Each structure stands twice: as C-alpha cells, then as structure tokens.
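Here is the structure we will look at, set down as structure tokens.
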C-alpha cells in the first residue's frame, strides 16, 4: 500500500448496536464514516419483525437500571420505554412436570433447596465483587476462578439436587450455555459487569425491567436512518490490510476502501474470520479462537389477548423440564395482543435444532401449553429464531469465555492492533452481553479514534 | 451454480500431512486432484529448514510404536527411521533451579511426590480406558469428565505440591497449554487415542521413540514431489460454495475451481475462517468456534558436537522452572553435529513472545545453559519458531478441546457436510495430535470419497 489517499476517515465493520453507535458518534464529530454490514438489515443481535401488525424482537429487547447509555440513546432517538409486564404470579415447572406458582424472583422450592440457592447466590455475588472488570486476569484468585468451570463450582458448592438444577437453569437463562462450557471467572466477571446476580435476573430493578416502545430494534432502525449513505448493507468484509498509514478494508465482492482507521464491531468468532494482513498478533488471534457464542433459540407466540393475565399469571415462567427454559410476557404496550416469548438455550437448543420446523413448533407449543394451559396451544402466529444458524452471528446472547481464556489472553480483548479497533458488547467492561454493553463499546471505540472536542470539526 | 462441469474431481485444502496423504491416495486411485496450500511450502505442522547443512524440524518430528501408517508411509517413500538418542541420564530442573539427574521416565522427586504422580498416572490411564475415541461424548462419565478442566482434576486428585507441579509440566509437554484450558475428557480421549499416558511421554516404546532420516519434513517433501502439478502453493482458500452437485472452491486471488468434493485438511480454527455458502450447519460452525490451538515455541540450538553425551547426559531434560519445559537430543543420525531442541509452551510461550528476538535468544540459551552447562550458551546457530505466529496454523501441536465441547458438539467433528469432508490430525480417533493422526485422517477422507477398488480406475 503505497498510496496515502484515504477514501474515508473510518470504516466500521458490523452494523449491530455497537457499530451503529460508533458510526453515529463519529459522524456527530464530523468524521467521515462508512459502516459496512454483512446482512441485509442492521441491528446485529437486535432484530425486529412485524407479526400480525406488531413489531416483535427476535433478539435482545430488555433494558434496566444502570444501563444509562441505552436509556440516553432511546431518549435521543425519541424511543419511549415502558415497564415489562410483571403483575400476577410466576410459574416454575419442575423436572417432573409439576407447576408451582410463585411471586417475585424466588420460586417455591423446598426449604433446604431454597437455602442452598440463596447461599450460592450470595457466594457468587461475594466472589464477583473481587473481580476487576477492566482486567479480570488480575486479582488474587483469578487463576483459581479461571481454572474451573461453573459446573465444577456448582458441584462443589451447591449440596441439594434441586439447588444444582436451579443453578443450571440460571446458567441456561443468563449465559445460554451449559455450566460446563463457562469459566467460573467469566461468570463472576459477567455478574460484576452488571452489578450483581439479581441485576441480571430481576425484572423490577434488574436487566429485564423495561422495554422499548415498538421494539428494541427501533433503536437500530433509527440510527440507520440517520446514517443515510454512510451505511452499506449486504457487504460482508473479508480482508483488512493495515499499516502505519492506514487500513484497506475489502468486501466479499472485491470492493475496497482505504481509511485512517477501522473499527471491527462484530461478535468475536466473526471478527476472527476476517483475513488480516499482516496477520493479527498471536495473542489476539489465539483469543479469537477461544470465544464461542452461546446457543439460543428464541420463540415468539402471538395470541388474540394476553389470556394468562386474566388467570392471574404474569407470563413469566421457568422450566426445569424444558426445552423452553424461560418465558416472559412480551405483549405490546397497547395490550392489543398477547405475546409470550420463550428461550431455549445450551444443550436444549442444540437438540431442538435437530428436529424439523414442524416438529419444533409442536415441541415449543407443548412447552408453552404445559406452562400456561390449552389456550397457549393455538397462537395467531408463531415465529422462532435459531441464532446459531445466522451466518453473521452464529450464536447468542454473547461470547462465552471457557476456562483459561481470560487469564491467558484476556488482555488482548480490547487493545487496538495499530489502526484496528474492536467494539461489540464483548469488549465492554460494563454490561457485557447486553445492548448497554454494545452501546458503551461503540462509544468507547469512537472516543478512542476521535476524542470529544469543543469545536464542530472532528476531522483528522 | 447451474453449470455441472467439474474442473477436477476433488479439491483438497491444506497441504499438511493430512492433505498430502489424502491427495496422494486419491491420485493413486486415478482420481483427479488439486491440492491447494496457503503457504509457500507444504508440510503444515511439519517444517524443515537447513541449518548449517543439516535439515532440522521446526515442527513435528517424532514417531513411535502403534503409529503404523506413518511407518508404512516412510517405507513407501524410502525415508529411513532411526532411534531417538536416549543413552545417558536425563535432567530435571526444579522450580528453585536445582538439577536432578535421573534415568528412564521418572525423575528423582521425593517419595511422596513420586507416589502421588504414579497414582495420578495410573488413574488417568484407568479413566482413559473408559473413553470411546470414536465418540467421546458417549460413555457413562462423559459429562462428568467434560464438565471439568484438567486443572480441577489435578487439584482434586494430586495431593503434593511437587506432584501438582509435575502434572502441570506433563500438561505443558503433551498439550502445549495450561491445565486450565483443557477438558479432562479431552485429556482422557487423547491418552486413549495413543493407547496410554506412557505411550505419549516415552521415548523407547512411546511416541518419541524414532526419528526420520533427513527430518520428518522429508515425508511431506517427497509427497509433494509426487503430486507434481496437482499441487498449488501460495493459494489461501477463502470461500467454498457447495450444493448437491458439487463444490466451488475460491482462492484469495479470485481463482475458482469446480469439483465433485472438497476435503478441508486445515487445523480447526483455520477451517472455521473459510466462508462457506451456504453457511455450515450450526453444530459444525459452533464446534469450530471452540477448538483453539495449543501455544508452542520450539527452539533449535546447533553445536559442533553433542557435548552433553560426553558428560553422560541424554540431552533430554524437563524443567519446572522454565521457560523451556522440555528438551530432547535431536542431533543428526550421523552425529556430525549436536542439536538440542527445546519446547516452550502454554503461558510460558505467550510470555516469551512479548520479548524481542534478541531477548528471547538470551532467555532460551540461559535456559539451556542451566540444564547442560556453559557449552550450551554458544551454539553454532540458533533458530526458533513460534507456531502461534504462523498465519495459516496459529498454534500447535493441536487443537485443545475446552470443557463442554466434546459432549455438546463433538459429533460434528468428523461428519461430512454434503460434499465437504474434513481431515487433519484433529479428526483422527487414533493418535489425535500426532503425524500419525494426520496420515490416518488423510487416508480416511480419501476412502470416504473413493473407496479402494480392484481396478486401476477410480474416476467417478
């Protein structure tokens, strides 16, 4: 690369929330940006589809206290928020298929199990407080925590059978993986990055407290509108050449752009599939070999009305039997329709994916019907999304650190490589795995390239 | 893809030992083959360089009993084998830097430590016998074994501090990673795939028993010679389109070949970086997100003669202090020169890589000098190879399964995806991680496409 001409100041790769926010902020500072997206739509792990004239979220959708940047973004974009419906009682389905109603976040388990779970939760919170989310590989117990799986910790700490089952269910719901796949250190980091375990699991006061009017995808859609011609869809990036003077970003169709910087705002496994020339430093490359995505199928059943509410149910359920591990009332703010969302994660998601579309629908509606009664069996419409089959995401909710990855290679997660910067919820020390983490990471990448200035011009 | 013309019967991607053997066997059966290699030389994780008019192996180099296919290949290609030099005493360096001489495979540790290590080894062998190497995800204890790291097992099983240190050293030497990075199930699978733990660690009777005259790389070189124009170097493959009728394989420069089948014979992380259209099934893709390579720097010091032999030393050493964990006498068969090879693995390799080339040389020669005396400090020549920096290998010796990967997604390791077949040592149920595994996997892929026939024509 001998020519010094820059087509553009910054190329951003990936129009998920991180890339969109990054490009938006750079443009606000007068930086010339090109945002390249592999898919035919923006949003990344937030996706909206219209079902029966209601927009439903196939991906991330909840926000909650402490997620300041996403609330600020919603306000800036004129997207209203409203509380997730939580009135009424929740349901827990036991492994044997019995239903137990409960209020709040603590299901009716036996007293020994309840005590066991409460102790485990308190211990996780206590251990999480020792983790430095900016550098989880530091800290007196980092090697001990990162030398074991969450499964090992559960086996050692939780003494009742019911307690172990409930902890596994929590892992399925929070990380969309099996406890065997997850480093204890990553679980603790993730808890600390949100503040506490209850910040992850709760509706009121937690990460599921609020929803966005018209769907979380509205944020991505409105950002895309503002970017206008700075956004290019259907453009998978295949190669990034980089040197002291700039970067050359080449798309699958051979089109190339020369820029001063590139921000790669793709999920880690996808970021690792771009060809970098020269090759990435060993530590960065080796880290990208180690960060698989969780496994999740989200299903959305739409009914004429939220019939469970009249039966005194909140629509929130947990199931130890599965395959749906977790449901939430996701009806539109208007209440015009009733919408239940269900999450199938980890091994259950991998198993469900082996069935035909028709069989999956039957299995999933059976699961909902056991939880909410016969009315659940005949939705107006039913959609599902297997995030592991999306070619440019290949899993969700987020990348799961296996044992050893944080301590061996974690310092390569966020550090730029020359003029290549990294964004995406996985690079955020706060709210890793959430829309909030993505927003923060996009802002941080923009700030690293062009710090906020007083004047109107941020051009380099 | 509407055209049915096939440029070629089979494209093989990657000219490591697996790809070379696969292409060679297919050609022997009259199948028209094109072997594409990203690098400027064949051999993959076997690489030879001429140093002071001796060919030295920068990569894999040893073979041993039970590795029938590689011995047969050596015979077919006219490459002689000879025993690794093992006469004399071995050296163990303690963490504190003291040297202890020993014979055989058992260093002089304290009696409690020795007993502890012997018990751990016997247990690993016993547990390994329960693993089905064809389907490690089956078996009564698969989930238990795959739910924990090797670190967890060591912490729980080995009671002496010295014993734990020695088991960690064994992990460094065998898997080139930290015990925290490795599923216990993978360790057991790997042991069973070789036969026993001593088959992995031993010289006589084990995987380090013999060497190949002129270097292991000679096998690759001779196979490449036979392939003639069927081999194309400097051709990284970027995209594989596949349908019911065939495959289209596209290189980085845009050249494309239509074929009946493709065999991807690249290390798992590299196989995952090719763009597949349609995208790979979720299980296969998700598995490829989970199989990082080990970390190893191999160094080779050449001396006027094998001076350690006259001092009664074998040249084999283990060091708990490091950074070199393991050395072996790798002098040429002629004995004209003395050559010591050293392995720096796992965290030590990652740490060493942060130093300058000059500093690394100093550190590594200091390490050799502590083990073998002042003569080791002034080699005729000194070369090192950091396998993690090789853009088309990105680690060695082999892919390391973290917890959960075998049980959750292992069944996607070897299964073809339509007309896409997988080869490479990681796909072999016998001698995974060794040259033997690569040879077997190449033969198996060739057999899957074109079973052995009586007649001379294997053309489809």
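Chains as they are written, first to last, in this note's numbering: chain A, 31 to 490; chain B, 31 to 490.
We put the CB at the ideal spot given by N, CA and C, even for glycine.
For clarity, every value in this text was computed on a predicted model and none was experimentally measured.
Using a C-beta to C-beta distance shorter than 8 Å, which residues of chain A count as neighbours of residue i?
i	result
residue 176 of chain B	210
residue 71 of chain B	Those within 8 Å of residue 71 of chain B in chain A number zero; the least Cβ separation is about 17 Å.
Taking CB distances under 8 Å as the criterion, tell me whether residue i reaches chain B.
i	result
residue 302 of chain A	yes
residue 320 of chain A	yes
residue 315 of chain A	yes
residue 299 of chain A	yes
residue 383 of chain A	yes
residue 31 of chain A	Caution is warranted here: a pLDDT of 36 is assigned to residue 31 of chain A, below 50, making its placement in the model unreliable, and no coordinate value can be reported.
Going along chain A, which residues have a C-beta under 7 Å from residue i?
i	result
residue 182 of chain B	177, 178 and 182
residue 434 of chain B	208, 210 and 211
Name the chain B residues whose beta carbon is nearer than 7 Å to that of residue i?
i	result
residue 309 of chain A	421
For residue i, return the contacting residues in chain A, with the cut-off set at a CB-CB distance below 9 Å.
i	result
residue 438 of chain B	207, 208, 210, 211, 325, 376, 377 and 380
Can you tell me the Cβ-Cβ gap for residue i and residue j, rounded? I've got them flagged as a contact below 8 Å.
i	j	result
residue 401 of chain B	residue 347 of chain B	5 Å
residue 298 of chain A	residue 476 of chain A	With a Cβ gap of about 20 Å, residue 298 of chain A and residue 476 of chain A do not count as contacting.
residue 241 of chain A	residue 114 of chain A	6 Å
residue 410 of chain B	residue 332 of chain B	5 Å
residue 9 of chain B	residue 458 of chain B	Here chain B has residues from 31 to 490 only, and residue 9 of chain B is not among them.
residue 453 of chain A	residue 49 of chain A	7 Å
residue 414 of chain A	residue 97 of chain A	Not quite, the Cβ-Cβ distance comes to about 27 Å (not below 8 Å), so this is no contact.
residue 325 of chain B	residue 379 of chain B	4 Å
residue 62 of chain B	residue 39 of chain B	4 Å
Any heavy atom of the ligand MG within a distance shorter than 7 Å of the CB on residue i?
i	result
residue 410 of chain B	In terms of ligand content, the structure shown is empty, and the ligand MG therefore cannot be addressed.
Compare the beta carbon distance of residue i and residue j with 8 Å and say whether it is the shorter of the two.
i	j	result
residue 375 of chain A	residue 355 of chain A	yes
residue 64 of chain A	residue 262 of chain A	yes
residue 303 of chain B	residue 302 of chain A	yes
residue 327 of chain A	residue 292 of chain A	no
residue 151 of chain A	residue 227 of chain A	yes
residue 37 of chain B	residue 287 of chain B	yes
residue 210 of chain A	residue 236 of chain B	no
residue 322 of chain B	residue 319 of chain A	yes
residue 168 of chain A	residue 222 of chain A	no
residue 267 of chain B	residue 43 of chain B	yes
residue 432 of chain B	residue 433 of chain A	yes
residue 549 of chain B	residue 86 of chain B	Summary: the structure shown does not reach residue 549 of chain B, with chain B confined to residues 31 through 490, and so no result is reported for it.
residue 99 of chain B	residue 473 of chain B	yes
residue 179 of chain B	residue 219 of chain B	no
residue 363 of chain A	residue 243 of chain A	yes
residue 122 of chain A	residue 51 of chain A	no
residue 317 of chain B	residue 443 of chain B	yes
residue 68 of chain A	residue 422 of chain A	yes
residue 329 of chain A	residue 372 of chain A	yes
residue 128 of chain B	residue 119 of chain B	no
Which residues in chain B have a C-beta closer than 8 Å to the C-beta of residue i? List them in chain order.
i	result
residue 171 of chain A	Per Cβ cutoff of 8 Å: no residues; residue 171 of chain A is ~13 Å from chain B at best.
residue 474 of chain A	Within 8 Å Cβ-Cβ: nothing; residue 474 of chain A doesn't reach chain B, min ~25 Å.
Name, please, each residue of chain B whose Cβ falls closer than 9 Å to the Cβ of residue i.
i	result
residue 425 of chain A	312, 315, 316 and 319
Counting contacts by CB-CB distance shorter than 8 Å, is residue i in contact with chain A?
i	result
residue 416 of chain B	yes
**Q.** Any beta strand (DSSP E) of 3 or more consecutive residues that is wholly inside the stretch 316-401 of chain B
**A.** 326-333, 343-349, 356-359 and 368-375
(Q) Beta carbons nearer than 7 Å to chain C: which residues of the stretch 257-276 of chain B have them? (A) In the displayed structure, chain C is absent; the protein chains listed are A and B.
Q. Which runs of the beta strand (DSSP E) fall wholly inside the stretch 421-467 of chain A and span at least 3 residues, in chain order?
A. 450-452
Q. In chain order, which continuous runs of the beta strand (DSSP E) of length 3 or greater are located wholly inside the stretch 80-131 of chain A?
A. 84-87, 111-113 and 119-123
Q: Enumerate, from N- to C-terminal direction, the unbroken alpha helix (DSSP H) stretches of 4 or more residues contained entirely within the stretch 124-197 of chain B.
A: 141-158, 172-176 and 180-187
Q) Where are the beta strand (DSSP E) runs, 3 residues long or more, that stay fully inside the stretch 35-61 of chain A, in chain order? A) 38-43
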